[in-house]
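Right, one structure below, let's go through it.
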DNA sequence: GCAAAAGTGTTAAGTGTACACCCATGC
DNA sequence: GCATGGGTGTACACTTAACACTTTTGC
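Residue numbers (the numbering used here), protein chains in the order written: chain A, 1 to 280; chain B, 1001 to 1280.
Below, the structure is given as structure tokens:
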């Protein structure tokens, strides 16, 4: 129970937290699909994930308000580290996941989201993780994955926040190869296409999708192929580490910031940065 | 002087502020230009603003840190009101201006921006104001307008923040008629074009610009015309209040929120909302 | 009439989309 | 061979960019 009356509580410094919407692609049966084992050149037979589904991990709240309800992973704003690093930490402490894409989404602070008059501000990041990484993850009692189209009623305004993250993903996916961050390190164009279809919610022409992706110059032929069904083998591509100059609002401030693609690196420490936002 | 040592200060709740980057279009000579008098149908001779310049108001800091230096208008985060309303208030208290466009820009929280170890988070909004409104504004000692390409060294990381706001404006202007918020209530296509040219930094084809703007269906013929030089009179347009459904992250929470164009209304209270973001 | 800017028309280049077709594989 | 999905070619619609042209005013 908060102390003081409402007007007194409104004088307190606001409660600032960091939350993260983590999006991953999974099979309809709840399993994740990936083509990411380094030893899959030419023999492995795998079932295509088909039109997958986006899943997000939620954590069960262990205190009031909204005790026992599901909420986005997050935590209090920690000092001495950047917001991006704080988002990493919040992520780490709850899900063990290392995102391949992380970007600030929005800062929510409407008074109606404050519970009991205590003002609350949430700086929300959104993250994409590859299908591989979800495999390594052991589900704990207080953490569970949900498909985005069948979320429970979440604590606070978190349903609204997830909606906004999905809206942003759908927009962003139309003018970038961001979807590659949702699949494994390596992937066929058909897999990448099925990710786009899952996010956009409608089928895409394979021929035109291929041309669009290849002409973007952000994909790289790995040289190896894979047989998916009983048809012609598909070439396996990887996301090319692109060093394009994009505007990162706080990049010039962060001395340690490097524009390295975290999925290319074995070091998943929050000191390395993502390569986000082509447009904003 | 802050109390306690560094590690103690880092335990304190972070200092959360709201700042606003206010952008307005002005003439090269420092005056603002507008075609906004309601009585300008067919006779008035006015000098075109040519390739104008973007100006922003800055306030002189009256306390440490950065005492006496120029900074973005802003204030502490107030409780009980939305972030958008807080941005309005911060704006009001320093500049008397009522923006026609207001949108959250980014939340800055890098530790390097903290002065003296006290952690600082700034939720930054950006605003566009019409040229008319700048006329009404009386410059005070501690508030001064600067052209964006000749800013002084600002307090904190505010130079960086302004850069980001300009980058966003340049992007946004390419797929919306947002520039109409920088001119007066009424404007010719040539004026609107010169705004685009000023923001983008390069000339645009008048014929193609005209067609692009008119086909967007966001402009409305006022029926009146104006003579700019010794050439054919130009039709005066206004920004059409469009009720398109766009995603506003916190819109569904705010019961009072209406998607009304504030420039169409005489009530400039922060309880009415803007119509922003076509894409994000 | 002449200059200048408003406004219209035309055309070539580029881009997105639909779809027919060939290719390589498993069965 | 036949079915299947990978991959290519191509025609058409549409958008964009360049620029010639007409219109309406002041001088």
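The beta-carbon is built from N, C-alpha and C at its ideal position, and this holds for glycine as well.
Whether residue i touches residue j by CB criterion (9 Å)
i, j, result
"residue 155 (chain A)", "residue 207 (chain A)", "no"
"residue 1199 (chain B)", "residue 1054 (chain B)", "yes"
"residue 100 (chain A)", "residue 181 (chain A)", "yes"
"residue 1153 (chain B)", "residue 1159 (chain B)", "yes"
"residue 105 (chain A)", "residue 21 (chain A)", "yes"
"residue 23 (chain A)", "residue 128 (chain A)", "yes"
"residue 107 (chain A)", "residue 122 (chain A)", "yes"
"residue 125 (chain A)", "residue 102 (chain A)", "yes"
Where residue i falls, given that 16 or more other Cβ within 10 Å makes a residue buried
i, result
"residue 157 (chain A)", "buried"
"residue 84 (chain A)", "buried"
"residue 1175 (chain B)", "exposed"
"residue 221 (chain A)", "exposed"
"residue 1202 (chain B)", "exposed"
"residue 1014 (chain B)", "buried"
"residue 1051 (chain B)", "Residue placement at residue 1051 (chain B) is flagged as unreliable, the pLDDT there being 49, under the threshold of 50; the coordinate-derived value follows with that caveat. Exposed: under 16 other Cβ atoms inside 10 Å."
"residue 194 (chain A)", "buried"
"residue 1062 (chain B)", "exposed"
"residue 1064 (chain B)", "exposed"
"residue 109 (chain A)", "buried"
"residue 1113 (chain B)", "buried"
"residue 82 (chain A)", "buried"
"residue 212 (chain A)", "exposed"
"residue 1034 (chain B)", "Confidence at residue 1034 (chain B) is low in this model, with a pLDDT of 41, below 50, so its placement is unreliable and the value that follows should be read with caution. Residue 1034 (chain B) comes out buried."
"residue 215 (chain A)", "exposed"
"residue 1187 (chain B)", "buried"
"residue 1168 (chain B)", "buried"
"residue 224 (chain A)", "exposed"
"residue 235 (chain A)", "exposed"
"residue 248 (chain A)", "buried"
Coil, strand or helix - residue i by DSSP
i, result
"residue 92 (chain A)", "helix"
"residue 112 (chain A)", "helix"
"residue 61 (chain A)", "coil"
"residue 152 (chain A)", "coil"
"residue 17 (chain A)", "strand"
"residue 1099 (chain B)", "coil"
"residue 1056 (chain B)", "strand"
"residue 1204 (chain B)", "coil"
"residue 104 (chain A)", "strand"
"residue 82 (chain A)", "coil"
"residue 251 (chain A)", "coil"
"residue 1183 (chain B)", "coil"
"residue 143 (chain A)", "strand"
"residue 41 (chain A)", "Its pLDDT being 35, under 50, residue 41 (chain A) is placed unreliably in this model, and the coordinates cannot settle the point."
Short CB-CB distance (under 9 Å) between residue i and chain A
i, result
"residue 1086 (chain B)", "yes"
"residue 1064 (chain B)", "no"
"residue 1107 (chain B)", "yes"
"residue 1178 (chain B)", "no"
"residue 1128 (chain B)", "no"
"residue 1281 (chain B)", "Outside the displayed range of chain B (1001 to 1280) lies residue 1281 (chain B), so it cannot be described from this structure."
"residue 1092 (chain B)", "no"
"residue 1154 (chain B)", "no"
"residue 1148 (chain B)", "no"
"residue 1014 (chain B)", "yes"
"residue 1121 (chain B)", "yes"
"residue 1173 (chain B)", "no"
"residue 1238 (chain B)", "no"
"residue 1056 (chain B)", "no"
"residue 1160 (chain B)", "yes"
Residue i at chain B interface by Cβ criterion, 9 Å
i, result
"residue 69 (chain A)", "no"
"residue 81 (chain A)", "yes"
"residue 164 (chain A)", "yes"
"residue 59 (chain A)", "no"
"residue 20 (chain A)", "no"
"residue 30 (chain A)", "Low per-residue confidence applies at residue 30 (chain A): pLDDT is 40, beneath 50, and the placement is therefore not dependable, though the value from the model is reported in the following sentence. By this cut-off, residue 30 (chain A) is not an interface position."
"residue 23 (chain A)", "no"
"residue 250 (chain A)", "yes"
"residue 77 (chain A)", "yes"
"residue 110 (chain A)", "yes"
beta-carbon residue i near the ligand HEM non-hydrogen atom, thresh 8 Å
i, result
"residue 1194 (chain B)", "What this structure holds is no ligand at all, so the ligand HEM is not there to describe."
- Query: Which residue spans inside the stretch 1207 to 1247 of chain B form an unbroken beta strand (DSSP E) run of at least 3?
  - Reply: 1219 to 1226 and 1234 to 1239
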